[in-house]
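**Q**
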Amino acid sequence: MRVEHARMHAKHRGHEAMHAEMVLILIATLVVAQLLLVQWKQRHPRSYNMVTLFQMWVVPLYFTVKLHWWRFLVIWSLFSAITAFVTFRATRKPLVQTTPRLVYKWFLLIYKISYATGIVGYMAVMFTLFGLNLLFKIKPEDAMDFGISLLFYGLYYGVLERDFAEMCADYMASTIGFYSKSGMPTKHLSDSVCAVCGQQIFVDVSEEGIIENTYRLSCNHVFHEFCIRGWCIVGKKQTCPYCKEKVDLKRMFSNPWERPHVMYGQLLDWLRYLVAWQPVIIGLVQGINYILGLE
């Protein structure tokens, strides 16, 4: 590795001006691309989300096939098949009564698995950095590869399932009629109906339910606790499904051990840009360098 490093420096000696120009092109492209993406997201959020979701779903597949990562390909195929079935159920009209629960259970399961996988991967990386892997007689490179792989799996599928869940949540809530992305709902909501799933609420807010509890938002609209938590955490919604009033997440997740789920969701939202658009921007920079004759 040292010999190769020395050869690289010898090859690029005297190209400082060219390297500076390439760095400026990279910085300028990143700034312009970020501005364009922000404007696109603000003006046309639906098309932006769909294109981002498609890229996140397809770009890793290209590198997987190219680099022969068959384990990832198998997991990706299994996840895609089940998610395609769940998404198909969520976009049907009329909506089957059991579909909202099926959708939220599936994506909540993937969310929890990705969360646990990411935590284990992060701990494995930190243990390797502190040399604790030597206590178990594990080579540093093997321990680091294991931790990075788990971290990648957890973050990637965490980002992907949240975007699919958001799309399904919009379709289902719009089909039920108590939610409209723009404008007023098409149905009137009573306290005995959950606007997320459209089913009856049999347990009062002040009562303890055997199967399921209910939850009242600050806007006084009542929902199944499972539904409104799935709407906010998994579906990435922070407004009431009926009146669109802001949801107080700190009040909803009052327990300290539940708050990391909200922080993890915010981290996944930030990583979406890194996974989906960073390869595109890097490819654009390489294309500009190629046109200008920079190597």
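No gaps in the numbering here: position 136 of the sequence shown is 136 in full-length UniProt numbering, and each next residue is one more. For glycine and all other residues, C-beta sits at the position ideal for the given N, C-alpha and C. Just so it is clear, the structure is predicted and the values come from calculations on it, not from any experiment.
Find out if the Cβ-Cβ distance for the pair W277, A33 is shorter than 9 Å.
**A** Yes, the pair counts as a contact, with Cβ atoms nearer than the cut-off.
**Q** Do the stretch 92 to 108 and the stretch 159 to 178 make contact, defined as three or more Cβ pairs closer than 8 Å?
**A** Touching, yes, given that three or more Cβ pairs across the two stretches are closer than 8 Å.
**Q** With 16 as the cutoff for other CB atoms within 10 Å, does I210 come out buried or exposed?
**A** Caution is warranted here: a pLDDT of 48 is assigned to I210, below 50, making its placement in the model unreliable, and no coordinate value can be reported.
**Q** Going by alpha carbons, who is nearest to R162 out of E21, I291, K105?
**A** When each option's Cα is compared against that of R162, the closest is K105.
**Q** Output needed for R46: all residues of its chain with C-beta closer than 6 Å, excluding positions within five of it in sequence on either side, in chain order.
**A** Nothing listed; no residue qualifies.
**Q** Whole angstroms are fine: how far does the CA of I113 sit from the CA of L26?
**A** Taking the straight line joining both Cα atoms gives about 36 Å.
**Q** Pairing CB atoms from the stretch 49 to 64 with CB atoms from the stretch 125 to 135, are three or more of them under 8 Å?
**A** Touching, no, given that fewer than three Cβ pairs across the two stretches are closer than 8 Å.
**Q** Have a look at Y156 and H44 and give me their C-alpha separation to the nearest angstrom.
**A** Taking the straight line from one Cα to the other gives about 24 Å.
**Q** Would you please verify whether the beta carbon of A20 is less than 9 Å from any beta carbon of chain D?
**A** Although the question refers to chain D, the structure presented lacks it and comprises just one protein chain.
**Q** In or out: F85 buried (at least 16 other Cβ within 10 Å) or exposed?
**A** It counts as exposed.
**Q** Would you kindly report the start and end of the unbroken beta strand (DSSP E) that includes R216?
**A** Start and end: 214 to 216.
**Q** What does a CB cutoff of less than 7 Å around W257 pick up in its chain, not counting 5 residues either side in sequence?
**A** Here the model assigns W257 a pLDDT of 46, short of 50, so the residue's position is not dependable, and the following value carries that caveat. Closer than 7 Å at the Cβ level, and outside the excluded window around W257, lies no residue.
**Q** Under three-state DSSP, which class holds F223?
**A** In the structure shown, F223 sits in a strand (DSSP, three-state: E or B).
**Q** If I measure Cβ to Cβ from T91 and keep anything under 6 Å in the same chain, skipping five residues before and after, which residues do I get?
**A** These residues qualify, in order along the chain: Y171.
**Q** With DSSP run on the structure shown, which of helix, strand or coil describes V193?
**A** Strand, per DSSP.
**Q** With the cut-off set at 9 Å, would you say C243 and C227 are in Cβ contact?
**A** Result no, Cβ atoms of C243 and C227 do not sit closer than 9 Å.
**Q** Which runs of the alpha helix (DSSP H) fall wholly inside the stretch 114 to 186 and span at least 4 residues, in chain order?
**A** Listed in chain order, they are 140 to 176.
**Q** Can you grab the Cα-Cα spacing for the pair N133 / M144, in whole Å?
**A** So the two alpha carbons sit approximately 9 Å from each other.
**Q** Reducing DSSP to helix, strand and coil, say where R200 ends up.
**A** Per the sequence shown, the amino acid found at residue 200 is Gln instead of Arg. Looking at Q200 - three-state DSSP - the assignment turns out to be strand.
**Q** Please name the residue or residues paired with T239 in a DSSP beta bridge.
**A** K246.
**Q** Quick one: residues in its chain with C-beta nearer than 6 Å to the C-beta of K41, no 5 flanking neighbours on either side, listed in chain order?
**A** Cβ within range, chain order: Y48.
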